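**Student:** Quick one: structure below, then a few questions.
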Amino acid sequence: MNKSKSLLWYFIASVVILVLLLFVQFKYPRLLQLEARWLAVAVVPIVIGIFLTERLKKFGAFGIELEAFPSQRNIGSEEEEEKLEIDVNLQDNKLPADYFFINHTSFLREYIQDEFRQKTNVELPHYDIRVIVDSYYQGALKGIKYVKYYLHQSYPEPIQIRSNMADKFCLKEIAHGEYVLIAEVYLKKTEKPIILERYITLWESGPKINK
């Protein structure tokens, strides 16, 4: 089914809902007490259809603006790390979904396991982890004030802050189990942080990350 036909079905659904609402209002006016805002319900299917068929990239209503446009990074490029450009006048609440992201790696050092186990009293393998906040976009990291990392509650310091842009706000820790790490990215121009999440997979020899 092509996008035009898909959109047609969403349009038909909106018309059907509108007709039903008008019928109920005509037959039982006290039951529904239809107001203009109720008519907006009929528009929901067509709005969903527009988004899903990619006819609209942005929608604003009731003071809330939603942005939905995909990553533009050239996947599979063997060239040096590609940096995308972005409009410098773009507001912080209209940033692309991939403007910031968490990256991490892990590795196992066999020769230091006894030392780690003595510190934690845990007999499981202990992995080194490295976590960074990165971006494909030129100058994006310069806009970060600091990053607040939320680790697993079992850590002596489960909440840690990093502010060194030079190493991409790198967090160096050890882990003896996998968990979801949360990062609050605080920007210089806004008060509310951007929330990022990363499942911390543990590898004996993890992938290389650019720091």
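The sequence shown runs contiguously to residue 211 in the UniProt record's numbering. Every residue gets a Cβ at the ideal spot worked out from N, C-alpha and C, and that includes glycine. Since we're looking at a predicted model, the values are computed, not measured.
Give a yes or no on whether the C-beta atoms belonging to A183 and L196 are separated by under 8 Å.
**Tutor:** Cβ distance < 8 Å, so A183 and L196 count as in contact.
**Student:** For the candidate residues F116, F100, Y111, S154, whose alpha-carbon lies nearest to that of A140?
**Tutor:** Closest option to A140, Cα to Cα, is F100.
**Student:** Is V185 buried or exposed, if buried means 16 or more other CB atoms sit within 10 Å of its CB?
**Tutor:** The residue in question, V185, is buried, as its Cβ has 16 or more Cβ neighbours within 10 Å.
**Student:** At what residues does the beta strand (DSSP E) containing K148 begin and finish?
**Tutor:** Residues 144–150.
**Student:** Starting from K172 and walking both ways along the beta strand (DSSP E), at which residues does that stretch end?
**Tutor:** 171–175 is the span of the beta strand (DSSP E), which, as asked, contains K172.
**Student:** Exposed or buried, what is F23 when buried is set at 16 or more other beta-carbons lying within 10 Å of its beta-carbon?
**Tutor:** With fewer than 16 Cβ atoms within 10 Å of its Cβ, F23 is classed as exposed.
**Student:** If you run the structure through DSSP and keep just helix, strand and coil, what is I17?
**Tutor:** Correct three-state label for I17: helix.
**Student:** Provide the residue(s) that pair with A166 in DSSP beta bridges, ordered along the chain.
**Tutor:** Note: A166 sits in no beta bridge, so no partner.
**Student:** Within the continuous alpha helix (DSSP H) that includes E115, where are the two ends?
**Tutor:** Run containing E115: 113–120, per the alpha helix (DSSP H) assignment.
**Student:** Hey, out of V122, F107, R198, whose CA is closest to I132's CA?
**Tutor:** Answer by Cα proximity: R198.
**Student:** Does the contact criterion of 3 or more C-beta pairs under 8 Å hold for the segment 158–169 versus the segment 119–138?
**Tutor:** Cβ pair count under 8 Å is three or more, so yes.
**Student:** On the DSSP bridge list, what partners appear for S106?
**Tutor:** Paired residue(s): I129.
**Student:** Could you tell me which residues DSSP pairs with D134 in its beta bridges?
**Tutor:** Looking at the DSSP assignment, D134 forms a beta bridge with F101.
**Student:** Measure the C-alpha to C-alpha separation of residue 230 and F116 and round it to an integer number of angstroms.
**Tutor:** What is shown of the chain runs 1 to 211, which leaves residue 230 out entirely.
**Student:** Please report the distance separating the alpha-carbon of P125 from that of L108.
**Tutor:** The straight-line gap from Cα to Cα measures roughly 8 Å.
**Student:** Given Q113, which residues of its chain have a CB within under 8 Å of its CB, disregarding the five upstream and five downstream residues?
**Tutor:** Taken in chain order, the residues that qualify are P125, H126.
**Student:** Could you tell me if I144 is buried or exposed, where buried requires 16 or more neighbouring beta carbons within 10 angstroms of its beta carbon?
**Tutor:** That one is buried.
**Student:** Rounded to whole angstroms, how far is the Cβ of V180 from the Cβ of R162, which I believe are closer than 8 Å?
**Tutor:** Incorrect: roughly 18 Å between the Cβ atoms, too far for contact.
**Student:** Give me, in chain order, the residues of the same chain whose beta-carbon lies closer than 6 Å to that of E173; leave out the 5 immediate sequence neighbours on both sides.
**Tutor:** The residues are I129.
**Student:** Tell me whether S205 is buried or exposed, calling it buried when 16 or more other Cβ atoms sit within 10 Å of its Cβ.
**Tutor:** Classification for S205: exposed.
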